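First residue of the sequence shown? That's 4 in our numbering, and the numbers climb one at a time after it. Working notes for the structure below.
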Amino acid sequence: MNNFDKILKNGLETSSFSEEELVLMLDEKNPENIQKLFDSANAVKLEIVGNKVSLRGLIEIGNVCRKNCFYCGIRRENFKMERFELSQNEILADAELAWKFKYGSIVLQGGEIQTEKHITFIEDTVRKIKSLTNNELGITLSLGEQSLETYRYWFEAGAHRYLLRIETSSPEIYGRIHPADHLFNERLQALYDLRTAGFQLGSGIMFGFDGQTSADMARDLLFLKKLDVDMVGMGPYSIHRDTPMGRVHPVQNNADMLTLGCKMIALLRILMPDINIASTTVLQALAPDGREKGLLAGANVIMPNVSEVRFRKAYQLYDNKPGIDENADCTRNALEQSLHSIGLVPAYNEWGDSKHFKNRKN
Ligand code: SAH
Ligand code: SF4
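Shown next, in the form of structure tokens:
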């Protein structure tokens, strides 16, 4: 047995890899070995979480943000970006559509806003979505860093999962991709607060940008395991031309980034067999079948966009965002077909909670 096979076999038996082993896997160039990694991770997923794909109707509620992350198209100082905020009725209409589509759950995602008005608006909107859908729709929030009090307030209103990426587990790299007043420790504290408030904890990282090594990414994966997250949304960095990072390094190799994205998913699935892992939209931006590739490498969640098409262009975190011209109906039909074509089944009308969360509670 060669070294690659030995490491993979041991990883599968123990659900663990050392940092050095992860680096070796991330740097692996042999296509046969890479495929073996994807297939093994997919088999772990099929055994532990099954062949159903959980659906989260993604509602991009607004692109106003107080933060200024160097990579993000909707950062505060991108003055070229036209700003929008959905009204409550618009959010309710999108949520109702997701419910009618039997998506089972939604994600409300947007820029970070910490005003009293916004905090109350979200609380009230969550309550209204719950009553409009007879409490049938699960709600994930992804609205940035907030106080423990706010997280509690939103949890009590009925949201039960929260996604807040740490972006990188290295405080030093965090400092390079954010302005000085965006503090790593505050982001970490927000993750602890989310757990204290009762949320199923989602986090994740962004990877593949300049100045980051395989060892950094390996440590990111081990960090997510140590944090004991319930769900992960992670993906390759993708350029937005009107950002400080996009202006400095305006090109990247899509095929390499997609392979890297799938390797990260596969390794995390082996490290954490029972968590929810999303095959993120960025993968679809890298290749038309990128999202399916992510699912076949071990992911079990996708987030079809249910926002109205006219707002999708304005929520551009990175260039070439897919699906900005398709309406939600097209997305749904295409989705169903593509899942069936790879032997997977959409989990209609299910919240699709993380098994890991349930297992930890028991
Ligand atoms: N404001 C919230 C939620 C919206 S941003 C927050 O930051 O948590 C959601 C995620 O989009 C971020 O966590 C970041 O990882 C990702 N993102 C932003 N710009 C990106 C880019 N250029 N390429 C890839 N992912 C990006
Ligand atoms: Fe705002 Fe999130 Fe973009 Fe940072 S990544 S600028 S917090 S929307």
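Positions of the beta carbon are idealized from the N, C-alpha and C atoms, including for glycine. All values reported here derive from a predicted model rather than from experimental measurement.
Going by other Cβ atoms of all chains shown within 10 Å of its Cβ, with 16 needed for buried, is V251 buried or exposed? A residue is called buried once 16 or more other Cβ atoms fall within 10 Å of its Cβ, and V251, having fewer, is exposed.
Quick check: is any heavy atom of the ligand SF4 less than 7 Å from the C-beta of G385? With the chain represented from 4 up to 365, any question about residue 385 goes unanswered, as that position is not in the structure.
Secondary structure at E339, three-state DSSP: helix, strand or coil? Helix at E339.
Can you list, in chain order, the residues of its chain whose CB lies under 6 Å from that of G249, leaving out five sequence neighbours each side? Excluding the 5 residues flanking it on each side, G249 has same chain C-beta neighbours closer than 6 Å at I242, H243, in chain order.
Looking at N352 and K103, is the spacing between their C-beta atoms short of 8 Å? Not closer than 8 Å, so no.
For L167, verify whether its CB is less than 7 Å away from any heavy atom of the ligand SAH. Yes, the Cβ of L167 comes within 7 Å of a heavy atom of the ligand SAH.
Just reading off the alpha helix (DSSP H) that T143 is part of, what are its end residues? That residue, T143, is in no alpha helix (DSSP H); its beta strand (DSSP E) goes 141 to 145.
Express the C-alpha separation of L111 and R313 in angstroms, rounding to a whole number. About 17 Å.
Rounded straight-line distance, which links the Cα of S173 to that of G114: Going by the C-alpha atoms only, they are around 23 Å apart.
Count the other C-beta atoms from every protein chain shown that fall within 10 angstroms of the C-beta of N336, then say buried if there are 16 or more, exposed otherwise. Looking at its Cβ environment, which holds fewer than 16 other Cβ atoms inside 10 Å, N336 is exposed.
In this structure, does DSSP put Q192 in helix, strand or coil? The DSSP-derived three-state label of Q192 is helix.
Kindly examine the ligand SF4 and report whether one of its heavy atoms sits closer than 7 Å to the Cβ of I77. Under cutoff, so the answer is yes.
Environment of Y195 [buried if 16+ CB atoms lie within 10 Å]: If you draw a 10 Å sphere on the C-beta of Y195, you find fewer than 16 other C-beta atoms in it, and that means exposed.
With 16 other Cβ atoms within 10 Å as the buried cut-off, status of Q340: Q340 sits exposed, since fewer than 16 C-beta atoms from the chains shown fall within 10 Å of its C-beta.
Just to confirm the assignment: which complete alpha helix (DSSP H) runs, minimum length 4, are found wholly within the segment 289 to 314? Within the segment 289 to 314, the complete alpha helix (DSSP H) runs of at least 4 residues are 293 to 299.
For A269, which residues from the same chain have a beta carbon less than 7 Å from its beta carbon, with the 5 sequence-adjacent residues on both sides left out? Counting only Cβ-Cβ distances below 7 Å, and skipping sequence neighbours, we find L40, F41, A44, A300, G301.
Mind checking whether the beta-carbon of V285 lies closer than 7 Å to any heavy atom of the ligand SAH? For the ligand SAH, at least one heavy atom lies less than 7 Å from the Cβ of V285.
Taking C-beta to C-beta, are V52 and K358 nearer than 8 Å? Closer than 8 Å, so yes.
Using the rule of at least 16 other Cβ atoms within 10 Å of the residue's Cβ for burial, across every protein chain shown, is E119 buried or exposed? Sixteen is the threshold: since fewer than 16 other Cβ atoms of the shown chains lie within 10 Å of the Cβ of E119, the residue is exposed.
Return the chain-ordered list of same chain residues with a C-beta closer than 6 Å to the C-beta of F7, the five sequence neighbours on each side being excluded. Excluding sequence neighbours, F7 sits near N36.
At 4 residues or longer, and completely inside the segment 233 to 298: list those alpha helix (DSSP H) runs for me, N to C. Counting only runs of 4 or more, we get 247 to 251, 257 to 274, 284 to 289.
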